[in-house]
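Structure first, then comments.
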Amino acid sequence: GNSVTQMEGPVTLSEEAFLTINCTYTATGYPSLFWYVQYPGEGLQLLLKATKADDKGSNKGFEATYRKETTSFHLEKGSVQVSDSAVYFCALHLSFNNDMRFGAGTRLTVKP
Amino acid sequence: DTAVSQTPKYLVTQMGNDKSIKCEQNLGHDTMYWYKQDSKKFLKIMFSYNNKELIINETVPNRFSPKSPDKAHLNLHINSLELGDSAVYFCASSQPGRNTEAFFGQGTRLTVV
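These protein sequence lines map, in sequence, to chains W and R. Under our numbering, the residues of the first sequence are numbered 1 to 112, in order. Under our numbering, the residues of the second sequence are numbered 1001 to 1113, in order.
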């Protein structure tokens, strides 16, 4: 089946620290990959995406590279801010049936 | 204008009751989804519809029944509510294709007492 496995949290970092949240996937087919972010009391919103192997998605200082050989899409940011505190979800999407699966979510807390 | 709107935002009800959650999207998308988010934030797909046709139906109790009167609406009806149904339910929509993203509603927090 199709599934996403991501690093369990919670993750607590100091401001300006380096962030990595690991994500790997299993899919029957060639998925597009996404990172979504959920702020408290809100729905999920797209952070970045990549639709084919070796593509790099980036937004707001966050980056992730689609690695087909390792079936991974790890999220990184060089210097986190307090405002980055949220829950981050890795997701895959298969276009042939529009299946969209999410990882378990990783809660990030950034302290001043 | 809210792209994906769901109502109500909060729902508190007793065990055994039947309740519905409504979802509407004004993005012109063909696909709509229901997800359940538990207290640990795990987001699990329940159903997806494409142009009013059921595409994905995960292992969800028969007490949950989705209804899509048209492609802009996907409602979720729950019969005989149980304590374990307490969660946040999210509606989402997307357009088929590789370069797509899902747009989410604000969620409905269901509490069964």
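The beta carbon of each residue, even a glycine, is placed where N, CA and C say it ideally should be. Quantities reported herein were computed from a predicted structural model and do not represent experimental measurements.
Buried versus exposed call for residue i [16 or more other C-beta atoms within 10 Å across all chains shown]
i                 : result
Lys49 (chain W)   : buried
Ala64 (chain W)   : buried
Met100 (chain W)  : buried
Phe18 (chain W)   : exposed
Asp54 (chain W)   : exposed
Leu1083 (chain R) : exposed
Glu1058 (chain R) : exposed
Phe89 (chain W)   : buried
Val1113 (chain R) : exposed
Three-state secondary structure assigned by DSSP to residue i
i                 : result
Val82 (chain W)   : helix
Leu1027 (chain R) : coil
Gly1084 (chain R) : helix
Ser1048 (chain R) : strand
Gln6 (chain W)    : strand
Thr1040 (chain R) : The sequence given here places Lys at residue 1040 (chain R); Thr does not occur at that position. DSSP places Lys1040 (chain R) in coil when its eight states are reduced to three.
Asp1070 (chain R) : strand
Met100 (chain W)  : strand
Asn1075 (chain R) : strand
Ser1065 (chain R) : strand
Thr1059 (chain R) : coil
Lys1022 (chain R) : strand
Ala1092 (chain R) : strand
Arg1098 (chain R) : coil
N- and C-terminal bounds of the beta strand (DSSP E) containing residue i
i                 : result
Ser58 (chain W)   : Lys56 to Asn59
Val1004 (chain R) : Val1004 to Thr1007
Phe62 (chain W)   : Phe62 to Thr65
Supposed contact pair residue j and residue i - C-beta distance, whole angstroms, cut 8 Å
i                 : j                 : result
Asn1075 (chain R) : Ile1021 (chain R) : 7 Å
Thr1031 (chain R) : Asn1062 (chain R) : The pair is not a contact, with the Cβ atoms about 23 Å apart (cut-off 8 Å).
Leu44 (chain W)   : Gln38 (chain W)   : 5 Å
>> Quick check on the DSSP output: what are the complete beta strand (DSSP E) runs of length 3 or more inside the segment 8 to 53 of chain W, in order along the chain?
In response: Listed in chain order, the complete beta strand (DSSP E) runs (minimum 3 residues) inside the segment 8 to 53 of chain W are 11 to 14, 19 to 21, 23 to 26, 32 to 38 and 44 to 50.
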